[in-house]
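Take a look at the structure below.
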Amino acid sequence: MTSILSVTRLELLIARRNMWVATSIILMALFTTVLTLAGGAPSGTLGVEPLTLAVTSITTLSVYLVPLIGLLLSFDAIVGETERGTLALSLTYPLSRGEILLGKFVAHFLVLAVAIGVGLGITVALSIWQAGTTDMNYLPVLKLFATAMALGAAFLGIGYLVSALVRQTGVASGIVIIVWLVCVVLYDLGLLGALVADNGGTFTKLVFPWLLVANPADAFRLINMPTENLAVLSSGIGAAAGASDTLQQLLSLLLWPVLALFLAWLAFRKVEP
Amino acid sequence: MSTLVIENVCKNYGDVKSVRGVTLNVQPGERVALLGHNGAGKTTLMRMILGLTPASSGKITVLGSAPGSRHARTSIGFLPENVAFHGALTARELLRHFARLKGANNKSVDDLLERVGLSHAMNRKIRTYSKGMRQRVGLAQALLGKPMLALLDEPTSGLDPISRHEFYDLVDDLAQGGTAVLLSSHALTELESRTDRVAIMSAGRLVADAPLPELRTIAHLPIRLHVKTAAVDADTIAAKLGGTRMNGQSINLTCQQDEKMALLAKIMALGATVEDVEMRAASLEELYRYYSTEHVQ
Numbered sequence: 001m002t003s004i005l006s007v008t009r010l011e012l013l014i015a016r017r018n019m020w021v022a023t024s025i026i027l028m029a030l031f032t033t034v035l036t037l038a039g040g041a042p043s044g045t046l047g048v049e050p051l052t053l054a055v056t057s058i059t060t061l062s063v064y065l066v067p068l069i070g071l072l073l074s075f076d077a078i079v080g081e082t083e084r085g086t087l088a089l090s091l092t093y094p095l096s097r098g099e100i101l102l103g104k105f106v107a108h109f110l111v112l113a114v115a116i117g118v119g120l121g122i123t124v125a126l127s128i129w130q131a132g133t134t135d136m137n138y139l140p141v142l143k144l145f146a147t148a149m150a151l152g153a154a155f156l157g158i159g160y161l162v163s164a165l166v167r168q169t170g171v172a173s174g175i176v177i178i179v180w181l182v183c184v185v186l187y188d189l190g191l192l193g194a195l196v197a198d199n200g201g202t203f204t205k206l207v208f209p210w211l212l213v214a215n216p217a218d219a220f221r222l223i224n225m226p227t228e229n230l231a232v233l234s235s236g237i238g239a240a241a242g243a244s245d246t247l248q249q250l251l252s253l254l255l256w257p258v259l260a261l262f263l264a265w266l267a268f269r270k271v272e273p
Numbered sequence: 001m002s003t004l005v006i007e008n009v010c011k012n013y014g015d016v017k018s019v020r021g022v023t024l025n026v027q028p029g030e031r032v033a034l035l036g037h038n039g040a041g042k043t044t045l046m047r048m049i050l051g052l053t054p055a056s057s058g059k060i061t062v063l064g065s066a067p068g069s070r071h072a073r074t075s076i077g078f079l080p081e082n083v084a085f086h087g088a089l090t091a092r093e094l095l096r097h098f099a100r101l102k103g104a105n106n107k108s109v110d111d112l113l114e115r116v117g118l119s120h121a122m123n124r125k126i127r128t129y130s131k132g133m134r135q136r137v138g139l140a141q142a143l144l145g146k147p148m149l150a151l152l153d154e155p156t157s158g159l160d161p162i163s164r165h166e167f168y169d170l171v172d173d174l175a176q177g178g179t180a181v182l183l184s185s186h187a188l189t190e191l192e193s194r195t196d197r198v199a200i201m202s203a204g205r206l207v208a209d210a211p212l213p214e215l216r217t218i219a220h221l222p223i224r225l226h227v228k229t230a231a232v233d234a235d236t237i238a239a240k241l242g243g244t245r246m247n248g249q250s251i252n253l254t255c256q257q258d259e260k261m262a263l264l265a266k267i268m269a270l271g272a273t274v275e276d277v278e279m280r281a282a283s284l285e286e287l288y289r290y291y292s293t294e295h296v297q
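Quick mapping for you: the protein sequence lines, in order, are chains A and B. The numbers in this note's numbering rise by one with no breaks, and the one at position 240 of the first sequence is 240. The numbers in this note's numbering rise by one with no breaks, and the one at position 221 of the second sequence is 221.
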């Protein structure tokens, strides 16, 4: 436990000085501020409660931003240390690879938590400033925070996995960009294409709901959609929200971080510094 | 019990045999120099002792434990060749982290930084350090928690002559405290008086493993004598002693260990015509050359 915390402490220092903390917070704060302020425009003065509206916009944003931040924090974690030559020395200390990985994960998870927390905090503050505290429903914000953390954790794990499998930092950065593009953009496009081609056949009924929740980004998007109408507004694929239930979405969001971290650990065990 | 036991260890990378059947022991308090060309297998051997890479065959134990086990890792202090650290951290932050891993306290960190002469810079980021300063950080971390076995790979590279001297003082202190020290180096002259035993690797094999005087006896390398004469008749004296004249006054001679006393007696018999005699046994450099090349071929 002391070892894990020691690694976490060191990684937090590095993240702070590498400006990763600042970059993540600024990114989240900037986008959530803009979305909260601009999000009220279409609903006008008589529209939906501002917080709910903001949560919808921020969910769509987070699908892109949270995986990106997660991957940026993690892609360098193992391969970067191998390249710099710092991993070999670390491994001569009484410290297991699992402990190194967990220590790094806790640090990066905290960075994510601060970034997402600051972003959502700004949203809540701005919404209260706009509409007061009456009739304000905070539950969607808490749900968004928790699920965004799970989404981020999944992509941290995927980033570590990539980092343990390649030999050069440059290659790792290229691969995580491809992973990001596939998970948040191309996957949905592929599914939509398949749906259209299938035209309501077996694929649509049996395979599609599973494929949809299998992607943590989609599971996150679906779980945070407040109503089907709003879902249609924010994403074409969101219209299929009814195709899977909340339990499946939740399971996907919880299992992905565990699975990704486990695979990263397996790959890390094979790394010879 | 030996601190480090290496028994008939081999390491193959595909068809390449990096280490072939090395057997070597290091006792508590012993300072052993591991010498060899680049690619001779020294670093691979150290990596196997650390458990960073498994041996293909043979057995290594560190204080009775397998390499890479928690007990072995807690007992070893390691300084890698070309030591590198994350530049965003300060020496003190980094060493405190390593100290926590080794179960050493923060005070020992400050003491060690003082000993390696870094206390003035310990709160500066390592990226601002010179190569020599980074090497000192490396040394300090290797000495954390009073290791029972110190593995030092090229420990003095990047250090100036005074720092090298101070470094060997640290090694002496460590050995006096019972730590077994295995260090590799290319700077042979500085090792000569600072190690108890010399092990030489060549093409993956251990070709020598003995204290320096013993290596000299085995190698049978000649002792060199430099005789300075007072008179102009250096040629006559050279003829009498059987040496070669260097310049007007000096004569170079070589002899084996067992002929040394007889030759000295002959020189003394020449009386006042001999002004001075210098005698030099085979240096570590000559021995190294002998064992790592000629001996193998």
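All C-beta atoms in this analysis are idealised placements derived from N, C-alpha and C, irrespective of residue type, glycine included.
Could you pull the start and end residues of the alpha helix (DSSP H) that M261/B belongs to?
260-269
Positions along the segment 166-189 of chain B whose CB lies within less than 7 angstroms of some CB in chain A
none
Closer than 7 angstroms at the beta carbon, the chain B residues around S6/A
H97, R100, L101
So, is L91/A buried or exposed, given that buried needs 16 or more other C-beta atoms within 10 angstroms?
buried
First and last residue of the beta strand (DSSP E) that includes A150/B?
149-153
Quick check on this structure: which residue in T254/B, T156/B, I126/B has the alpha carbon closest to the alpha carbon of P80/B?
T156/B
Interface positions of the segment 64-92 of chain A facing chain B (Cβ-Cβ less than 7 angstroms), listed along the chain
R84, G85, T86, A88, L89, L91, T92
Contact criterion: CB-CB distance below 7 angstroms. Does E11/A meet it with respect to chain B?
no
When the Cα of L53/A is compared with those of E81/A, V124/A, L30/A, which residue comes out closest?
V124/A
Report yes or no: do the segment 86-103 of chain B and the segment 120-129 of chain B share at least 3 C-beta pairs separated by less than 8 angstroms?
yes
Have a look at H226/B and G21/B and give me their C-alpha separation to the nearest angstrom.
42 angstroms
Listing by chain order, which chain A residues have their CB less than 8 angstroms from the CB of I76/B?
T92
Can you give, in chain order, each stretch of the beta strand (DSSP E) that sits fully within the segment 68-100 of chain B and has at least 3 residues?
76-79
In chain order, what are the residue ranges of uninterrupted beta strand (DSSP E) at least 3 long that sit wholly in the segment 129-201 of chain B?
149-153, 180-184
Is it a yes or a no for the segment 256-265 of chain B touching the segment 160-172 of chain B, going by three-plus beta-carbon pairs under 8 angstroms?
no
Using alpha carbons as the reference points, say which of A107/A, M1/A, A148/A, L73/A lies closest to T56/A.
A148/A
Output the distance between the C-alpha atoms of A239/A and T60/A, rounded to the nearest integer angstrom.
For A239/A, the pLDDT reaches just 49, beneath the cut-off of 50, and the residue's location in the model is therefore unreliable, although a value from the coordinates is still provided. Cα-Cα distance, rounded: 13 angstroms.
Using 8 angstroms as the Cβ pair cut-off and three pairs as the minimum, do the segment 40-50 of chain B and the segment 10-26 of chain B touch?
yes
Should S24/A be flagged as near chain B, meaning a C-beta pair shorter than 7 angstroms?
no
Check whether the Cβ of L50/B lies closer than 7 angstroms to any Cβ atom in chain E.
Among the protein chains of the structure shown, namely A and B, there is no chain E.
Report all residues from its chain with a CB closer than 8 angstroms to the CB of G117/A; omit the five preceding and five following residues, and keep chain order.
F145
First through last residue of the beta strand (DSSP E) which encompasses N12/B:
4-13
Exposure of D218/A, with buried meaning 16 or more beta-carbon neighbours within 10 Å
buried
Is R167/A close to chain B? Criterion is C-beta to C-beta, closer than 7 angstroms.
no
Tell me whether F208/A is buried or exposed, calling it buried when 16 or more other Cβ atoms sit within 10 Å of its Cβ.
buried
Quick check: what's the CA-CA separation for D198/A versus F220/A?
25 angstroms
When DSSP labels each residue in this structure, what does G21/B get in the three-state scheme?
strand
Relative to the alpha-carbon of P257/A, which residue among Y160/A, T86/A, V166/A has its alpha-carbon at the smallest distance?
Y160/A
Does the distance from the CB of V176/A to the CB of V162/A come in under 7 angstroms?
yes
Which residues in chain A have a C-beta closer than 8 angstroms to the C-beta of T53/B? List them in chain order.
E272
May I have the straight-line CA-CA distance separating L156/A from A15/A, to the nearest angstrom?
14 angstroms
To which residues of the same chain is V26/B closer than 6 angstroms at the C-beta, ignoring the five residues directly before and after it?
T3, L4, V32, A180, L182
Chain A residues whose Cβ lies nearer than 9 angstroms to that of P80/B:
G85, A88, L89, T92
Can you grab the Cα-Cα spacing for the pair I178/A / L259/A, in whole Å?
20 angstroms
N252/B bridges to which residues according to DSSP?
H226/B, T244/B
Is the shortest distance between the beta-carbon of R136/B and the beta-carbons of chain A less than 7 angstroms?
no
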